[in-house]
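Residue numbers (my numbering): 27 to 329. Think of the CB as a built atom: it goes at the ideal place given N, C-alpha and C, for glycine as much as any other residue. Note that the coordinates shown come from a computational prediction; the quantities given were computed from them, not determined experimentally.
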């Protein structure tokens with residue numbers, strides 16, 4: 027029986043942990059996070075799965091400390107897996123794996139290495155993304171690829187929609203390759219890092235709308251940062267506007283409407299300075315439902 031130490035969090039952590047359990051991998055230890063009381067927790071609990079299955083589980087603030095490193099070294103696992111765990115693992119932990127260490131990443135590597143890859147893919151208007159299982163080393167998301175699974179991104183998909191797909195893609199990806207990994211016959215291929223880039227974490231401020239952008243760009247931002255994230259926002263003459271849901275409308279020129287949010291024919295239409303038109307399906311103005319008024323858009327660019 028093959029053994030593993032698993033670092034896991036979030037929905038991908040839950041589903042991939044269950045894949046290992048279902049395929050008979052003995053999990054010696056799971057390392058996860060305590061939930062942050064300042065974060066909106068909208069995802070499943072790795073800690074709860076460990077309790078259900080009787081798997082040893084710890085929640086250190088930092089796993090890269092001598093006592094945790096020694097604990098994992100003593101377990102001498104065949105594999106180390108990281109499934110949406112939020113800390114980089116350093117050499118003493120990675121070298122404890124007798125066979126190999128693997129990470130599950132939420133993009134089609136080498137695209138969107140780094141943080142929040144689903145959100146970045148939507149912001150950049152990608153029409154597909156997926157999950158990639160790759161070898162872990164000391165640099166983020168650049169090890170050889172063991173398996174990938176693609177999923178589509180539809181025009182109005184939100185980050186939550188796409189993340190659900192990526193969670194399934196991760197489960198499929200791991201399920202398909204795990205037998206070969208356990209037998210030591212999985213084929214690995216190096217990444218061509220010139221075909222992608224590294225992206226950093228995002229904050230609420232990164233949801234600030236730049237009205238100089240096109241309707242399509244603003245639509246992509248809106249669906250990338252809508253609930254459960256803080257939302258796309260901007261200051262206007264009438265106060266703070268937050269967009270939660272939009273749809274693209276005709277791309278004809280509306281020069282006289284540029285820079286306005288207009289209420290017409292029972293709906294709000296938004297005409298950014300960058301061109302195009304959006305129907306505002308759901309939005310707030312000053313933390314209340316958007317009233318039936320016209321609003322001039324402030325030309326405050328994203329910082």
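Pairwise C-alpha distance: residue j and residue i
| i | j | result |
| --- | --- | --- |
| residue 322 | residue 307 | 18 Å |
| residue 180 | residue 249 | 11 Å |
| residue 152 | residue 185 | 12 Å |
| residue 135 | residue 107 | 17 Å |
| residue 169 | residue 219 | 10 Å |
| residue 314 | residue 111 | 36 Å |
| residue 296 | residue 304 | 5 Å |
| residue 74 | residue 59 | 12 Å |
| residue 101 | residue 200 | 23 Å |
| residue 245 | residue 133 | 21 Å |
| residue 95 | residue 122 | 8 Å |
| residue 178 | residue 195 | 11 Å |
| residue 46 | residue 52 | 8 Å |
| residue 252 | residue 259 | 10 Å |
| residue 331 | residue 166 | The structure shown does not extend to residue 331, since the chain is modelled only from 27 through 329, so no value can be given for it. |
| residue 159 | residue 227 | 21 Å |
| residue 319 | residue 289 | 6 Å |
| residue 293 | residue 271 | 13 Å |
Own chain residues within Cβ distance below 7 Å of residue i, not counting five before or after
| i | result |
| --- | --- |
| residue 126 | 105, 161 |
| residue 284 | 297, 299 |
| residue 149 | 246, 247, 250 |
Residue i, enclosing beta strand (DSSP E) - first and last residue
| i | result |
| --- | --- |
| residue 286 | 286–290 |
| residue 53 | 52–57 |
| residue 271 | 265–274 |
| residue 319 | Counting along the chain, residue 319 falls outside any beta strand (DSSP E), and DSSP gives it neither H nor E. |
| residue 295 | 293–297 |
| residue 129 | 126–131 |
Same chain, Cβ closer than 6 Å to residue i, neighbours up to 5 away in sequence not counted
| i | result |
| --- | --- |
| residue 328 | Here residue 328 scores only 41 on pLDDT, less than 50, and its place in the model is too uncertain to base an answer on. |
| residue 216 | 170 |
| residue 275 | 303, 305 |
| residue 99 | 122 |
Limits of the alpha helix (DSSP H) - the one that residue i falls within
| i | result |
| --- | --- |
| residue 252 | Run containing residue 252: none; DSSP gives neither H nor E here. |
| residue 110 | No alpha helix (DSSP H) holds residue 110; DSSP gives it neither H nor E. |
| residue 73 | 72–79 |
| residue 146 | 143–149 |
| residue 189 | 185–209 |
Beta-carbon contacts of residue i that lie in its chain and below 8 Å, excluding the five residues immediately before and after
| i | result |
| --- | --- |
| residue 113 | 33, 88, 89, 90 |
| residue 225 | 138, 139, 140, 141, 142, 143, 146 |
| residue 242 | 151, 274, 302 |
| residue 265 | 311, 312 |
| residue 240 | 298, 300, 301, 302 |
| residue 30 | 46, 51, 52, 53, 54, 103, 104, 105, 106, 107 |
CB-CB length for residue i against residue j, believed under 8 Å
| i | j | result |
| --- | --- | --- |
| residue 268 | residue 209 | Contact flag wrong, Cβ pair sits at about 51 Å. |
| residue 203 | residue 173 | 4 Å |
| residue 182 | residue 273 | 6 Å |
| residue 164 | residue 117 | 6 Å |
| residue 84 | residue 55 | 7 Å |
| residue 92 | residue 57 | 15 Å between Cβ atoms; not a contact. |
Practice task
Pair every Cβ in the stretch 32–43 with every Cβ in the stretch 59–76, then say whether three or more of these pairs are closer than 8 Å.
Solution key: They touch, by the three-pair rule.
Problem - Cβ pair count under 8 Å reaching 3, the stretch 129–148 against the stretch 186–198 - result: As far as the Cβ criterion goes, the stretch 129–148 touches the stretch 186–198, which means the pair count is three or higher.
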